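K.L.:
Following this line, the structure appears as structure tokens:
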């Protein structure tokens, strides 16, 4: 890689560092959901290995042979080195202690490999200046995985490997044991697939590729005769065929500084494998969490409906009082006009009748009786207003009975259990906690219901002042009064003066008064009927608004918050996974190496 490409390397490494930091923040956050806890545990297990891999990004690549017993791993190592470094043969298993081959001037300090675990061979081959080659133990041994066993050595070694040269033969490529071990080892490693015994076996690479295609991105596969390759190396001739191309791959594609990109890609593969597994576990249980979310929302809506109906019934109990208040406010906004005067008379009809009765009183006793009746009427109206205000002030204490609370508690508890929530959020589903939450909701009742009613009446009065209905009533009543005034004026000023027509008497004024009263009453009845519908509609909306205010977070706020937190964690997990996939696909490594498949 040229020096001009180094800034790109810096950028790519900074992307990885940012991804690791984002991953650490996510996995260290507390979760109250079992699937997320399990997902974080998976990511946490991989994070340690990813951190170690990040630390040794600039160290020589660790290339290891991997394959079943008798697949020619050791013979291939000898061919690559160009001399007999390891024993090869058909015994089971051949390799007992891993053979580590490195450059004579190199060291293991930057690789985290323990020298005592290997039989170390140092050679002067320039190929090994940028890589270390390990002949691994066989994974298909029949022995149990105990301390010092081949499997134990292999499993301890594989996390340190950057590239696996996976060898197989015509007889071994279907080995379930080897393929299972490969599935465990391949995350975080590049793969080079080699069929050995090219001089003896049939070419099975196409079938082998189809076998692995579902799990791995398959690059080119090599068909190699290791013994012939060793002879070519020892004869110091240019290796030919697939063996020559394999050496070219090791020399050109795994050499410094490309090994930096390989380690970066291995790190991303490792992270994405863990994230894929974590998301798979989360996705399996996500429907139960969504069911809980829907149940909480359904319960909240149901409780809002119940409380809204209760509040509506309480508010509509004093509907007549609200109408009187509204007509009073409306008349004030209306000012002086014929129809507004009629509204004032209608709204204070009792007072006008009492005043008229007082004028007809003939004695002190009659005045006293009329005054007492009017005082009693005023006191009754005042008492109704006070009762209405007190009832409005107490609307915040309207609560849900234990039956409704217990019904919600039993229903939600089942969804909580299915969703596998844990922690403090689960404790609030008890009936005692629900009672406490109901009290909390009442204490947080926002604003005075009386003030809200006053605001509602004021707003509706402003709207009705210039409504089509009010303007029509005003126009009709005004036209009728104008007609009466013109008729009376014409009779008085013209007819009586110039045509000897008599002045209108009570035979005119009495019917005129009656028709005026009937017209005013009809218009007022129609007008109050229209505003009554608007008032009932607004009161209904206000009742449900008050219920919505009281149950803004429902009776299960911690459960609702837990669901929100889980959803946020899932979104962040998907975001990290998408970012990992995007970074992972941004660099195209050599088409000669394979890796675990993308999701």
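In our numbering, the protein residues as written are 130 to 728.
C-beta atoms are modelled at their ideal positions from N, C-alpha and C, and glycine is treated no differently.
Note that the coordinates shown come from a computational prediction; the quantities given were computed from them, not determined experimentally.
(1) Pick out whichever of 154, 151, 199 and 292 has its Cα sitting closest to the Cα of residue 392.
(2) Report back the beta-carbon spacing between residue 333 and residue 299 to the nearest angstrom; my notes put them in contact at under 8 Å.
(3) According to the neighbour-count rule (16 or more other Cβ atoms, all chains shown, within 10 Å of its Cβ), is residue 295 buried or exposed?
(4) What would DSSP say about residue 421, mapped onto helix, strand or coil?
(5) Rounded to the nearest angstrom, how far is the Cβ of residue 757 from that of residue 289, given a contact under 8 Å?
(6) Taking one C-beta from the segment 235-252 and one from the segment 381-390 each time, how about it: are there three or more such pairs within less than 8 Å?
(7) On the DSSP letters alone, give me the boundaries of the beta strand (DSSP E) that residue 740 sits inside.
(8) By the 10 Å Cβ neighbour count, where 16 or more other Cβ atoms means buried, how is residue 309 classified, buried or exposed?
(9) For residue 209 and residue 250, what's the separation of their Cα atoms in angstroms?
(10) Taking the alpha carbon of residue 545 as the point to measure from, which residue in 247, 260, 692 and 652 has its own alpha carbon closest?
(11) Could you check whether residue 380 and residue 260 sit closer than 7 Å to each other, using their CB atoms as the reference points?
(12) Please work out which residues of its chain come closer than 7 Å, Cβ to Cβ, to residue 358, disregarding the five sequence neighbours upstream and downstream, and give them in chain order.
(13) Output yes or no for whether 7 Å exceeds the beta carbon distance between residue 164 and residue 414.
(14) Count the other CB atoms, across all protein chains shown, that sit within 10 Å of the CB of residue 623; report buried if there are 16 or more and exposed otherwise.
(15) Among 699, 707, 648 and 666, whose alpha-carbon lies nearest the alpha-carbon of residue 604?
(16) State the Cα-Cα distance for the pair residue 523 and residue 440, rounded to the nearest angstrom.
(17) Using C-beta distances below 6 Å, list every residue in its chain close to residue 410, excluding the 5 sequence neighbours before and after it, in chain order.
(18) If you draw a straight line from the C-alpha of residue 337 to the C-alpha of residue 542, how long is it?
(19) What is the DSSP secondary structure of residue 633, counted as helix, strand or coil?
(20) Going by other Cβ atoms of all chains shown within 10 Å of its Cβ, with 16 needed for buried, is residue 479 buried or exposed?
(21) What number of angstroms, rounded off, separates the C-alpha of residue 401 from the C-alpha of residue 432?
(22) Tell me whether residue 687 is buried or exposed, calling it buried when 16 or more other Cβ atoms sit within 10 Å of its Cβ.
(23) May I ask which residues mark the beginning and end of the alpha helix (DSSP H) holding residue 122?
(24) With DSSP collapsed to three states, give me the class of residue 456.
(25) Check the C-beta distance from residue 323 over to residue 205 and give it rounded, since I have them as a contact under 8 Å.
(26) What alpha helix (DSSP H) runs, 4 residues minimum, are completely inside the segment 362-397?
(27) With DSSP as the reference, identify every bridge partner of residue 196, one or two as the case may be.
(28) Mind checking residue 709: buried by the 16 CB within 10 Å criterion, or exposed?
(29) What does a CB cutoff of less than 8 Å around residue 448 pick up in its chain, not counting 5 residues either side in sequence?
(30) Over what stretch of residues does the beta strand (DSSP E) that includes residue 248 continue unbroken?
(31) Am I right that residue 197 and residue 268 are in contact with their C-beta atoms under 8 Å? What's the rounded C-beta distance?
(32) Could you compute how far the alpha carbon of residue 450 sits from the alpha carbon of residue 442?
(33) Rounded to whole angstroms, how far is the Cβ of residue 175 from the Cβ of residue 403, which I believe are closer than 8 Å?
(34) Give the range of the beta strand (DSSP E) segment to which residue 264 is assigned.
(35) Short of 6 Å in beta carbon distance, which residues of its chain neighbour residue 602, apart from the five on each side in sequence? Order them along the chain.
(36) Are the beta-carbon atoms belonging to residue 313 and residue 689 less than 7 Å from one another?
P.N.:
Taking the geometry as given:
(1) On the chain shown, position 263 is the one that residue 392 refers to. The residue with the shortest Cα to Cα distance from residue 392 is 292.
(2) Position 204 of the chain shown, counted from the first residue, corresponds to residue 333. Position 170 of the chain shown, counted from the first residue, corresponds to residue 299. With a Cβ gap of about 5 Å, residue 333 and residue 299 count as contacting.
(3) The residue given as residue 295 occupies position 166 in the chain shown. Counting every other CB atom within 10 Å of its CB across the protein chains shown gives residue 295 a total of 16 or more, marking it as buried.
(4) Within the chain shown, the letter at position 292 stands for residue 421. It is helical.
(5) In the structure as shown, the chain begins at 130 and stops at 728. Residue 757 is therefore absent and cannot be evaluated.
(6) Short answer: they don't touch.
(7) Beyond the ends of the chain as shown, which are 130 and 728, falls residue 740; an answer cannot be given.
(8) The residue labelled residue 309 in the question sits at position 180 within the chain shown. Exposed.
(9) Residue 209 sits at position 80 when you count from the first residue of the chain shown. Residue 250 sits at position 121 when you count from the first residue of the chain shown. Distance from the CA atom of residue 209 to the CA atom of residue 250, rounded to whole angstroms, is 14 Å.
(10) Counting from one through the chain shown, the residue named residue 545 turns up at place 416. Comparing Cα-Cα distances from residue 545 to each of 247, 260, 692 and 652, the minimum goes to 692.
(11) In the chain shown, the residue the question calls residue 260 occupies position 131. In the chain shown, the residue the question calls residue 380 occupies position 251. Cβ distance not < 7 Å, so residue 260 and residue 380 don't count as in contact.
(12) On the chain shown, residue 358 is found 229 positions in, with the first residue counted as 1. So the list reads 208, 368 and 372, once near-sequence residues are dropped.
(13) For the purposes of this step, residue 164 is identified with residue 35 of the chain shown, where counting begins at 1. For the purposes of this step, residue 414 is identified with residue 285 of the chain shown, where counting begins at 1. Yes, the Cβ-Cβ distance between residue 164 and residue 414 is below 7 Å.
(14) The count along the chain shown starts at 1 and reaches residue 623 at position 494. Exposed is the call here.
(15) Translated into the one-based positions of the chain shown, residue 604 becomes position 475. Comparing Cα-Cα distances from residue 604 to each of 699, 707, 648 and 666, the minimum goes to 648.
(16) In the chain shown, residue 523 corresponds to position 394, counting from 1. In the chain shown, residue 440 corresponds to position 311, counting from 1. Unreliable placement is indicated for residue 523, whose pLDDT of 48 sits below 50; no coordinate value is reported for it.
(17) Within the chain shown, the letter at position 281 stands for residue 410. Cβ neighbours of residue 410 beyond the five flanking positions: 164, 167 and 168.
(18) On the chain shown, position 208 is the one that residue 337 refers to. On the chain shown, position 413 is the one that residue 542 refers to. When rounded, the distance between both Cα atoms is 52 Å.
(19) One-based indexing of the chain shown puts residue 633 at position 504. Collapsing the DSSP output to three states places residue 633 in coil.
(20) Numbered from 1 along the chain shown, position 350 holds the residue referred to as residue 479. With a pLDDT of 47 at residue 479, under the threshold of 50, the predicted position of this residue should be treated as unreliable, and no value is reported.
(21) Counting from 1 along the chain shown, the entry for residue 401 is found at position 272. Counting from 1 along the chain shown, the entry for residue 432 is found at position 303. Going by C-alpha positions, residue 401 is about 44 Å away from residue 432.
(22) Translated into the one-based positions of the chain shown, residue 687 becomes position 558. When all chains shown are included, residue 687 counts as buried.
(23) Past the boundaries of the shown model lies residue 122; the chain is included only from 130 to 728, so the question cannot be answered.
(24) Taking the chain shown and counting its residues from 1, the one referred to as residue 456 is at position 327. Look at residue 456 here: in three-state DSSP terms it is helix.
(25) Sequence index remark: in the chain shown, residue 323 carries index 194 (1-based). Sequence index remark: in the chain shown, residue 205 carries index 76 (1-based). The beta carbons of residue 323 and residue 205 sit about 6 Å from each other, so the pair counts as a contact at 8 Å.
(26) Restricted to the segment 362-397, the alpha helix (DSSP H) segments that are unbroken, complete and at least 4 residues in length are 370-377, listed in chain order.
(27) Position 67 of the chain shown, counting from 1, holds the residue named residue 196. Beta-bridge analysis with DSSP links residue 196 to 296.
(28) Along the chain shown, one-based indexing puts residue 709 at 580. Taking a 10 Å sphere around the C-beta of residue 709, we find 16 or more other C-beta atoms and assign the residue as buried.
(29) As a position in the chain shown, residue 448 is number 319, starting the count at 1. Result list for residue 448: 661, 664, 665 and 668, in chain order.
(30) Position 119 of the chain shown, counting from 1, holds the residue named residue 248. Bounds of the beta strand (DSSP E) holding residue 248 are 248-252.
(31) Residue 197 sits at position 68 when you count from the first residue of the chain shown. Residue 268 sits at position 139 when you count from the first residue of the chain shown. Residue 197 to residue 268, Cβ: 7 Å. Contact.
(32) Here residue 450 is taken as the residue at index 321 of the chain shown, counted from 1. Here residue 442 is taken as the residue at index 313 of the chain shown, counted from 1. For the pair residue 450 and residue 442, the Cα-to-Cα distance works out to about 14 Å.
(33) Locating residue 175 in the chain shown gives position 46, counting from the first residue. Locating residue 403 in the chain shown gives position 274, counting from the first residue. Yes, they are in contact, since the Cβ atoms of residue 175 and residue 403 sit about 4 Å apart, within 8 Å.
(34) The count along the chain shown starts at 1 and reaches residue 264 at position 135. Here the beta strand (DSSP E) through residue 264 covers 260-264.
(35) As a first step, residue 602 is located in the chain shown; it is residue number 473 there, counting from the start. The residues are 468, 652 and 656.
(36) Translated into the one-based positions of the chain shown, residue 313 becomes position 184. Translated into the one-based positions of the chain shown, residue 689 becomes position 560. No.
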